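Taking the working numbering, the leading residue of the sequence shown gets 200, the next gets one more, and so forth. In this text, a Cβ means the ideal position worked out from N, Cα and C, and glycines have one as well. Predicted model only: the values in this text are computed from it and were never measured. Take a look at the structure below.
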Amino acid sequence: MKWQKVLLGNLADEGSLDILTGPFGTQLKASDYTKIGTPVINVRNIGYGDLKPEKLEYVPEPVVQKLERHILQKGDIVFARKGAVDRHLLVEETQSGWMQGSDCIRIRLSSRKVSHKFLSYSLRLESHKSWILNQCGNKATMASLNQDVIRRVIVRLPNIDTQQEIVNVLSKYDDLIENNRRRIQLLERSLHLLYKEWFVHLRFPSHEHSKIVDGIPEGWRKAALKELAIVNQSSINSSFQGQIEYIDISSVTTNSINQTTILNFEDAPSRARRIVKHGDIIWSCVRPNRESYAVIWNPPDNLIVSTGFAVITPKSIPTSFLFYAITTPEFVGYLANNARGAAYPAVTASDFENAQITFPQDNLLNLFDEIATPVFTQINTLRQQSKKLQQARDLLLPKLMSGAISV
(Lines of atoms letter the chains of each structure in order from A and count residues from 1; the text may use other names and numbers.)
(Lines give C-alpha, C1' and ligand atoms only; values in the text may rest on other atoms or scores of the structure.)
Protein backbone atom coordinates (compact mmCIF):
# COMPACT_ATOMS: atom_id res chain seq x y z
CA MET A 1 0.00 0.00 0.00
CA LYS A 2 1.40 3.36 -1.04
CA TRP A 3 1.40 6.32 1.36
CA GLN A 4 1.82 9.87 0.05
CA LYS A 5 3.58 12.78 1.73
CA VAL A 6 1.28 15.79 1.65
CA LEU A 7 2.15 19.39 2.53
CA LEU A 8 -0.74 21.15 4.28
CA GLY A 9 0.16 24.33 2.40
CA ASN A 10 -0.51 22.54 -0.89
CA LEU A 11 -3.94 21.46 0.36
CA ALA A 12 -4.62 25.09 1.26
CA ASP A 13 -3.49 26.35 -2.16
CA GLU A 14 -5.79 23.93 -3.98
CA GLY A 15 -8.74 24.94 -1.79
CA SER A 16 -8.96 21.69 0.19
CA LEU A 17 -7.87 23.26 3.48
CA ASP A 18 -8.82 26.58 5.06
CA ILE A 19 -6.64 28.15 7.78
CA LEU A 20 -8.07 30.90 9.97
CA THR A 21 -6.43 32.77 12.85
CA GLY A 22 -8.70 33.63 15.77
CA PRO A 23 -10.31 37.08 16.10
CA PHE A 24 -8.01 39.91 17.14
CA GLY A 25 -8.28 41.37 20.61
CA THR A 26 -10.08 44.41 19.23
CA GLN A 27 -12.74 42.11 17.75
CA LEU A 28 -13.20 39.93 20.84
CA LYS A 29 -12.61 41.90 24.02
CA ALA A 30 -12.69 40.79 27.66
CA SER A 31 -15.85 42.87 28.12
CA ASP A 32 -17.64 40.74 25.49
CA TYR A 33 -17.63 37.65 27.70
CA THR A 34 -20.73 36.69 29.67
CA LYS A 35 -21.69 34.01 32.20
CA ILE A 36 -23.96 32.24 29.71
CA GLY A 37 -24.09 32.08 25.93
CA THR A 38 -22.05 30.35 23.24
CA PRO A 39 -18.86 28.65 24.52
CA VAL A 40 -15.52 29.98 23.28
CA ILE A 41 -12.54 27.66 22.76
CA ASN A 42 -9.44 29.23 24.29
CA VAL A 43 -5.94 27.82 24.77
CA ARG A 44 -6.80 26.40 28.20
CA ASN A 45 -9.56 24.28 26.62
CA ILE A 46 -7.31 22.54 24.07
CA GLY A 47 -5.91 19.09 24.86
CA TYR A 48 -4.25 16.52 22.62
CA GLY A 49 -7.13 16.04 20.22
CA ASP A 50 -9.74 16.52 22.91
CA LEU A 51 -11.57 19.25 24.81
CA LYS A 52 -10.56 20.40 28.29
CA PRO A 53 -13.91 21.77 29.46
CA GLU A 54 -12.69 23.46 32.65
CA LYS A 55 -13.32 27.22 32.80
CA LEU A 56 -15.05 27.61 29.47
CA GLU A 57 -15.94 31.21 28.67
CA TYR A 58 -19.06 32.40 26.84
CA VAL A 59 -20.19 35.18 24.52
CA PRO A 60 -23.73 36.42 23.72
CA GLU A 61 -25.49 36.00 20.37
CA PRO A 62 -24.65 39.50 19.03
CA VAL A 63 -20.93 38.72 19.39
CA VAL A 64 -21.42 35.35 17.66
CA GLN A 65 -23.17 37.04 14.74
CA LYS A 66 -20.45 39.70 14.48
CA LEU A 67 -17.73 37.01 14.39
CA GLU A 68 -19.67 34.54 12.24
CA ARG A 69 -16.60 33.36 10.30
CA HIS A 70 -15.09 32.11 13.59
CA ILE A 71 -17.99 29.74 14.35
CA LEU A 72 -16.62 26.20 14.58
CA GLN A 73 -17.91 23.15 12.70
CA LYS A 74 -17.62 19.44 13.38
CA GLY A 75 -14.27 18.22 12.04
CA ASP A 76 -12.45 21.52 12.51
CA ILE A 77 -9.00 21.27 14.09
CA VAL A 78 -8.18 24.10 16.50
CA PHE A 79 -4.58 24.75 17.55
CA ALA A 80 -3.33 26.73 20.50
CA ARG A 81 -1.56 29.77 19.01
CA LYS A 82 0.50 30.55 22.12
CA GLY A 83 2.23 28.38 24.70
CA ALA A 84 1.12 24.77 24.20
CA VAL A 85 1.27 24.98 20.40
CA ASP A 86 1.70 21.22 20.04
CA ARG A 87 -1.89 20.73 21.21
CA HIS A 88 -5.03 20.80 19.15
CA LEU A 89 -8.75 20.14 19.51
CA LEU A 90 -10.75 18.08 17.05
CA VAL A 91 -14.21 19.64 17.11
CA GLU A 92 -16.93 17.06 17.72
CA GLU A 93 -20.67 17.33 17.11
CA THR A 94 -21.24 18.59 20.66
CA GLN A 95 -18.88 21.54 20.06
CA SER A 96 -20.21 22.47 16.62
CA GLY A 97 -21.44 26.07 16.74
CA TRP A 98 -18.98 27.11 19.44
CA MET A 99 -16.60 30.02 18.86
CA GLN A 100 -12.90 30.09 18.01
CA GLY A 101 -10.97 32.11 20.60
CA SER A 102 -8.41 34.83 19.92
CA ASP A 103 -5.33 32.75 20.74
CA CYS A 104 -6.26 29.89 18.40
CA ILE A 105 -5.78 28.89 14.77
CA ARG A 106 -8.42 26.81 13.04
CA ILE A 107 -7.98 24.51 10.04
CA ARG A 108 -10.94 23.11 8.10
CA LEU A 109 -10.70 20.31 5.55
CA SER A 110 -12.95 20.14 2.50
CA SER A 111 -11.14 17.32 0.67
CA ARG A 112 -12.76 13.91 0.36
CA LYS A 113 -9.29 12.40 0.18
CA VAL A 114 -8.34 13.35 3.76
CA SER A 115 -10.17 12.32 6.93
CA HIS A 116 -10.21 15.06 9.56
CA LYS A 117 -9.95 12.41 12.28
CA PHE A 118 -6.97 10.79 10.57
CA LEU A 119 -5.27 14.17 10.30
CA SER A 120 -5.92 14.80 14.00
CA TYR A 121 -4.35 11.47 14.96
CA SER A 122 -1.39 12.17 12.70
CA LEU A 123 -0.84 15.53 14.41
CA ARG A 124 -0.68 13.71 17.78
CA LEU A 125 2.47 11.85 16.75
CA GLU A 126 5.46 12.85 18.86
CA SER A 127 7.39 13.65 15.69
CA HIS A 128 4.77 16.21 14.64
CA LYS A 129 4.40 17.72 18.12
CA SER A 130 8.17 18.08 18.50
CA TRP A 131 8.53 19.61 15.04
CA ILE A 132 5.83 22.21 15.71
CA LEU A 133 7.37 23.14 19.07
CA ASN A 134 10.80 23.51 17.48
CA GLN A 135 9.40 25.77 14.75
CA CYS A 136 7.49 28.01 17.13
CA GLY A 137 9.99 29.32 19.64
CA ASN A 138 12.89 28.68 21.94
CA LYS A 139 13.48 28.25 25.67
CA ALA A 140 13.70 32.01 26.19
CA THR A 141 10.32 32.90 24.68
CA MET A 142 6.77 31.61 24.73
CA ALA A 143 6.07 29.42 21.71
CA SER A 144 3.93 31.15 19.09
CA LEU A 145 2.21 29.34 16.22
CA ASN A 146 1.25 31.01 12.95
CA GLN A 147 -0.30 30.03 9.63
CA ASP A 148 3.10 29.69 7.93
CA VAL A 149 4.15 26.93 10.32
CA ILE A 150 0.90 25.05 9.75
CA ARG A 151 1.35 25.32 5.99
CA ARG A 152 4.78 23.66 6.31
CA VAL A 153 3.45 20.60 8.16
CA ILE A 154 3.93 17.39 6.15
CA VAL A 155 1.67 14.38 6.79
CA ARG A 156 1.76 10.87 5.34
CA LEU A 157 -1.56 9.75 3.92
CA PRO A 158 -2.77 6.34 2.73
CA ASN A 159 -5.95 6.08 0.67
CA ILE A 160 -9.16 7.28 2.32
CA ASP A 161 -10.42 3.75 3.08
CA THR A 162 -7.23 2.91 4.98
CA GLN A 163 -7.43 6.25 6.78
CA GLN A 164 -10.92 5.36 7.98
CA GLU A 165 -9.87 1.87 9.09
CA ILE A 166 -7.03 3.34 11.17
CA VAL A 167 -9.42 5.90 12.65
CA ASN A 168 -11.85 3.13 13.59
CA VAL A 169 -9.15 1.28 15.54
CA LEU A 170 -7.92 4.34 17.44
CA SER A 171 -11.42 5.72 18.05
CA LYS A 172 -12.33 2.66 20.11
CA TYR A 173 -9.77 3.73 22.70
CA ASP A 174 -10.95 7.33 22.64
CA ASP A 175 -14.58 6.29 22.99
CA LEU A 176 -13.77 4.32 26.15
CA ILE A 177 -11.74 7.23 27.53
CA GLU A 178 -14.59 9.64 26.80
CA ASN A 179 -17.09 7.33 28.48
CA ASN A 180 -14.90 7.27 31.60
CA ARG A 181 -14.62 11.06 31.52
CA ARG A 182 -18.39 11.42 31.49
CA ARG A 183 -18.79 8.95 34.35
CA ILE A 184 -16.19 10.86 36.38
CA GLN A 185 -17.98 14.13 35.65
CA LEU A 186 -21.29 12.70 36.90
CA LEU A 187 -19.70 11.29 40.05
CA GLU A 188 -17.92 14.56 40.83
CA ARG A 189 -21.10 16.52 40.25
CA SER A 190 -23.12 14.27 42.54
CA LEU A 191 -20.66 14.74 45.41
CA HIS A 192 -20.43 18.48 44.84
CA LEU A 193 -24.22 18.78 44.95
CA LEU A 194 -24.38 16.68 48.12
CA TYR A 195 -21.76 18.88 49.80
CA LYS A 196 -23.70 22.03 48.86
CA GLU A 197 -26.99 20.54 50.02
CA TRP A 198 -25.65 19.56 53.45
CA PHE A 199 -23.01 22.16 54.24
CA VAL A 200 -23.93 25.26 52.22
CA HIS A 201 -27.72 25.17 52.11
CA LEU A 202 -27.72 23.39 55.52
CA ARG A 203 -30.24 20.75 54.46
CA PHE A 204 -28.33 17.90 56.10
CA PRO A 205 -30.07 14.86 57.68
CA SER A 206 -32.26 15.96 60.63
CA HIS A 207 -31.55 19.63 59.91
CA GLU A 208 -35.10 20.49 60.89
CA HIS A 209 -34.19 19.70 64.51
CA SER A 210 -31.11 21.95 64.57
CA LYS A 211 -30.96 25.48 65.91
CA ILE A 212 -28.96 28.20 64.17
CA VAL A 213 -26.51 29.85 66.57
CA ASP A 214 -24.33 32.75 65.37
CA GLY A 215 -25.09 31.91 61.75
CA ILE A 216 -24.25 28.19 61.88
CA PRO A 217 -26.11 25.11 63.17
CA GLU A 218 -25.73 24.38 66.85
CA GLY A 219 -22.73 22.13 67.49
CA TRP A 220 -20.84 23.25 64.38
CA ARG A 221 -17.51 25.03 64.73
CA LYS A 222 -15.26 27.51 62.95
CA ALA A 223 -11.50 27.00 63.12
CA ALA A 224 -8.33 27.96 61.31
CA LEU A 225 -7.23 25.37 58.76
CA LYS A 226 -4.02 24.78 60.75
CA GLU A 227 -6.16 23.24 63.52
CA LEU A 228 -7.59 20.71 61.08
CA ALA A 229 -4.68 19.98 58.75
CA ILE A 230 -0.93 20.27 58.31
CA VAL A 231 0.37 22.37 55.42
CA ASN A 232 3.59 21.18 53.74
CA GLN A 233 4.29 18.43 56.23
CA SER A 234 7.37 16.89 54.65
CA SER A 235 9.93 17.25 51.86
CA ILE A 236 12.23 14.74 50.22
CA ASN A 237 15.80 14.60 51.48
CA SER A 238 18.26 16.21 49.08
CA SER A 239 20.51 13.13 49.39
CA PHE A 240 17.78 10.83 48.00
CA GLN A 241 18.89 8.60 45.15
CA GLY A 242 16.52 6.92 42.75
CA GLN A 243 13.50 7.69 40.62
CA ILE A 244 10.57 9.92 41.45
CA GLU A 245 7.21 10.49 39.80
CA TYR A 246 6.83 14.25 39.62
CA ILE A 247 3.83 16.60 39.38
CA ASP A 248 4.53 20.18 38.28
CA ILE A 249 2.12 23.11 38.62
CA SER A 250 1.47 23.13 34.87
CA SER A 251 0.22 19.53 35.11
CA VAL A 252 -2.71 20.32 37.40
CA THR A 253 -6.01 21.96 36.48
CA THR A 254 -9.25 22.10 38.44
CA ASN A 255 -9.59 18.78 40.29
CA SER A 256 -7.39 17.01 37.76
CA ILE A 257 -3.79 15.80 37.54
CA ASN A 258 -3.19 15.72 33.79
CA GLN A 259 0.38 14.46 33.70
CA THR A 260 3.15 13.01 35.83
CA THR A 261 6.81 12.66 34.82
CA ILE A 262 9.23 9.87 35.78
CA LEU A 263 12.66 11.33 36.60
CA ASN A 264 15.90 10.41 38.29
CA PHE A 265 15.92 12.63 41.37
CA GLU A 266 19.33 14.03 40.48
CA ASP A 267 17.87 15.26 37.17
CA ALA A 268 14.67 16.66 38.67
CA PRO A 269 14.09 20.43 38.98
CA SER A 270 14.99 21.97 42.33
CA ARG A 271 11.30 22.59 43.04
CA ALA A 272 10.57 18.83 43.02
CA ARG A 273 10.58 18.48 46.81
CA ARG A 274 7.13 18.07 48.40
CA ILE A 275 6.21 14.57 49.56
CA VAL A 276 2.54 13.62 49.19
CA LYS A 277 0.55 10.65 50.38
CA HIS A 278 -2.94 9.22 50.12
CA GLY A 279 -5.62 11.71 51.13
CA ASP A 280 -3.50 14.84 50.72
CA ILE A 281 -4.85 17.83 48.81
CA ILE A 282 -2.56 19.90 46.59
CA TRP A 283 -3.32 23.55 45.79
CA SER A 284 -1.22 25.74 43.49
CA CYS A 285 0.05 28.80 45.36
CA VAL A 286 0.58 30.75 42.14
CA ARG A 287 -2.44 32.50 40.61
CA PRO A 288 -4.98 30.80 42.90
CA ASN A 289 -7.83 32.26 40.84
CA ARG A 290 -6.98 29.59 38.24
CA GLU A 291 -8.14 26.96 40.75
CA SER A 292 -5.37 24.44 40.12
CA TYR A 293 -5.94 21.82 42.80
CA ALA A 294 -6.40 18.06 43.15
CA VAL A 295 -6.76 15.30 45.70
CA ILE A 296 -4.07 12.62 45.96
CA TRP A 297 -5.61 9.14 45.93
CA ASN A 298 -3.68 5.85 46.12
CA PRO A 299 -0.44 7.41 44.81
CA PRO A 300 2.82 5.57 44.07
CA ASP A 301 5.32 5.64 46.94
CA ASN A 302 7.70 7.93 45.04
CA LEU A 303 5.21 10.66 44.10
CA ILE A 304 6.67 14.16 44.58
CA VAL A 305 5.08 17.53 43.79
CA SER A 306 6.44 21.00 43.16
CA THR A 307 7.14 23.42 46.00
CA GLY A 308 4.73 25.67 44.12
CA PHE A 309 1.94 23.63 45.69
CA ALA A 310 0.61 23.83 49.21
CA VAL A 311 0.26 20.21 50.34
CA ILE A 312 -2.62 19.99 52.81
CA THR A 313 -2.70 16.87 54.99
CA PRO A 314 -5.92 16.44 57.02
CA LYS A 315 -5.33 15.48 60.65
CA SER A 316 -8.72 15.70 62.40
CA ILE A 317 -11.18 15.85 59.53
CA PRO A 318 -11.88 13.58 56.53
CA THR A 319 -10.24 14.38 53.20
CA SER A 320 -13.62 14.11 51.49
CA PHE A 321 -15.08 17.00 53.49
CA LEU A 322 -11.95 19.15 53.56
CA PHE A 323 -11.47 18.89 49.80
CA TYR A 324 -14.83 20.51 49.13
CA ALA A 325 -14.45 23.00 51.99
CA ILE A 326 -11.23 24.43 50.52
CA THR A 327 -12.39 24.55 46.90
CA THR A 328 -15.57 26.61 47.33
CA PRO A 329 -15.90 29.95 45.50
CA GLU A 330 -15.56 31.66 48.89
CA PHE A 331 -12.27 29.91 49.65
CA VAL A 332 -10.92 30.68 46.17
CA GLY A 333 -11.91 34.31 46.70
CA TYR A 334 -10.07 34.34 50.04
CA LEU A 335 -6.89 33.09 48.36
CA ALA A 336 -7.19 35.52 45.44
CA ASN A 337 -7.63 38.45 47.83
CA ASN A 338 -4.52 37.42 49.78
CA ALA A 339 -2.31 36.77 46.74
CA ARG A 340 0.71 39.06 46.48
CA GLY A 341 2.85 40.02 43.49
CA ALA A 342 1.97 41.77 40.25
CA ALA A 343 3.38 39.39 37.63
CA TYR A 344 2.80 36.13 39.51
CA PRO A 345 0.30 36.72 42.32
CA ALA A 346 0.79 33.98 44.89
CA VAL A 347 -0.26 32.91 48.36
CA THR A 348 1.86 31.26 51.05
CA ALA A 349 1.45 28.32 53.41
CA SER A 350 0.43 30.80 56.12
CA ASP A 351 -2.48 32.01 54.01
CA PHE A 352 -3.79 28.46 53.89
CA GLU A 353 -3.14 27.85 57.58
CA ASN A 354 -5.04 30.98 58.63
CA ALA A 355 -8.09 30.33 56.46
CA GLN A 356 -11.28 29.84 58.48
CA ILE A 357 -13.20 26.60 57.96
CA THR A 358 -16.74 25.87 59.19
CA PHE A 359 -17.35 22.21 59.95
CA PRO A 360 -20.03 20.06 61.63
CA GLN A 361 -19.96 17.43 64.36
CA ASP A 362 -18.13 14.15 63.83
CA ASN A 363 -21.28 12.12 63.18
CA LEU A 364 -22.23 14.27 60.17
CA LEU A 365 -18.63 14.38 58.92
CA ASN A 366 -18.44 10.60 59.13
CA LEU A 367 -21.77 10.17 57.36
CA PHE A 368 -20.60 12.35 54.46
CA ASP A 369 -17.27 10.52 54.35
CA GLU A 370 -19.00 7.12 54.20
CA ILE A 371 -20.76 8.30 51.04
CA ALA A 372 -17.89 10.25 49.50
CA THR A 373 -14.85 8.02 50.00
CA PRO A 374 -16.15 5.12 47.85
CA VAL A 375 -16.91 7.67 45.12
CA PHE A 376 -13.38 9.10 45.37
CA THR A 377 -12.07 5.54 44.95
CA GLN A 378 -14.33 4.88 41.96
CA ILE A 379 -13.20 8.12 40.30
CA ASN A 380 -9.56 7.17 40.84
CA THR A 381 -10.18 3.72 39.34
CA LEU A 382 -11.76 5.26 36.23
CA ARG A 383 -8.82 7.66 35.86
CA GLN A 384 -6.33 4.82 36.09
CA GLN A 385 -8.29 2.88 33.47
CA SER A 386 -8.21 5.90 31.17
CA LYS A 387 -4.48 6.33 31.73
CA LYS A 388 -3.86 2.73 30.64
CA LEU A 389 -6.12 3.19 27.61
CA GLN A 390 -4.20 6.34 26.63
CA GLN A 391 -0.89 4.52 26.98
CA ALA A 392 -2.11 1.61 24.83
CA ARG A 393 -3.46 4.00 22.18
CA ASP A 394 -0.26 6.05 22.13
CA LEU A 395 1.85 2.91 21.67
CA LEU A 396 -0.34 1.84 18.77
CA LEU A 397 -0.55 5.28 17.14
CA PRO A 398 2.95 5.53 15.54
CA LYS A 399 2.79 1.93 14.33
CA LEU A 400 -0.50 2.51 12.56
CA MET A 401 0.55 5.89 11.21
CA SER A 402 3.78 4.52 9.77
CA GLY A 403 2.12 1.51 8.16
CA ALA A 404 4.15 -0.86 10.36
CA ILE A 405 0.85 -2.43 11.41
CA SER A 406 -1.70 -2.96 8.69
CA VAL A 407 -5.45 -2.80 9.25
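Proximity test, residue i beta-carbon vs the ligand FAD heavy atom, cut-off 7 Å
i       : result
Ile-435 : The ligand FAD is not part of this structure, which contains no ligands at all.
Proximity of residue i and residue j at Cβ, strictly below 8 Å
i       : j       : result
Pro-238 : Leu-216 : no
Leu-424 : Ala-554 : yes
Gln-442 : Leu-427 : no
Arg-539 : Thr-506 : no
Ile-240 : Gln-334 : no
Leu-564 : Pro-513 : no
Phe-575 : Val-494 : yes
Gln-272 : Ser-295 : yes
Lys-251 : Arg-243 : yes
Glu-490 : Thr-453 : yes
Pro-559 : Pro-416 : yes
Residue i (DSSP reduced to helix, strand or coil)
i       : result
Gly-532 : helix
Ser-285 : Per the sequence shown, the amino acid found at residue 285 is Asp instead of Ser. The answer is coil: DSSP assigns Asp-285 none of H, G, I, E or B.
Val-352 : coil
Tyr-543 : coil
Gly-478 : coil
Ala-509 : strand
Gly-485 : Reading the sequence as shown, one finds Val at residue 485 and not Gly. Strand.
Ile-383 : helix
Gln-363 : helix
Val-368 : helix
Phe-575 : helix
Ile-570 : helix
Thr-580 : helix
Ala-471 : strand
Arg-420 : strand
Ser-455 : strand
Opening and closing residue of the alpha helix (DSSP H) in which residue i lies
i       : result
Lys-425 : 424-427
Ile-604 : Ile-604 -> no alpha helix (DSSP H), and no H or E assigned at all.
Leu-206 : Where Leu-206 is concerned, there is no enclosing alpha helix (DSSP H), although the beta strand (DSSP E) it sits in stretches over 203-206.
Ile-331 : 325-334
Phe-520 : 518-524
Leu-262 : The question names Leu, but residue 262 in the sequence shown is Val. From DSSP, the alpha helix (DSSP H) with Val-262 extends over 260-265.
Phe-551 : 548-552
Val-317 : A small correction: the amino acid at residue 317 is Phe; Val does not occupy that position in the sequence shown. That run of the alpha helix (DSSP H) goes 315-322.
Residues that DSSP places opposite residue i in a beta bridge
i       : result
Gly-305 : Position check: residue 305 holds Arg in this sequence, whereas Gly was assumed. Partner(s): Leu-219, Val-277.
Val-494 : Ile-480
Gly-248 : Leu-288
Thr-527 : Per DSSP, none; premise fails for Thr-527.
Leu-502 : Glu-444
Glu-256 : Val-239
Whole-angstrom C-beta distance between residue j and residue i, which should lie under 8 Å
i       : j       : result
Val-475 : Tyr-543 : The Cβ separation is near 23 Å, so there is no contact.
Ala-571 : Ser-519 : 4 Å
Leu-369 : Tyr-320 : 6 Å
Ile-276 : His-327 : Actually they are not in contact, since the Cβ atoms of Ile-276 and His-327 sit about 12 Å apart, beyond 8 Å.
Ala-548 : Val-430 : 5 Å
Residue span of the beta strand (DSSP E) that contains residue i, given as start and end
i       : result
Asn-463 : 460-463
Pro-238 : 237-240
Ile-446 : 442-446
Gln-226 : Careful: Gln-226 lies outside any beta strand (DSSP E) and carries neither H nor E.
Gln-555 : 555-558
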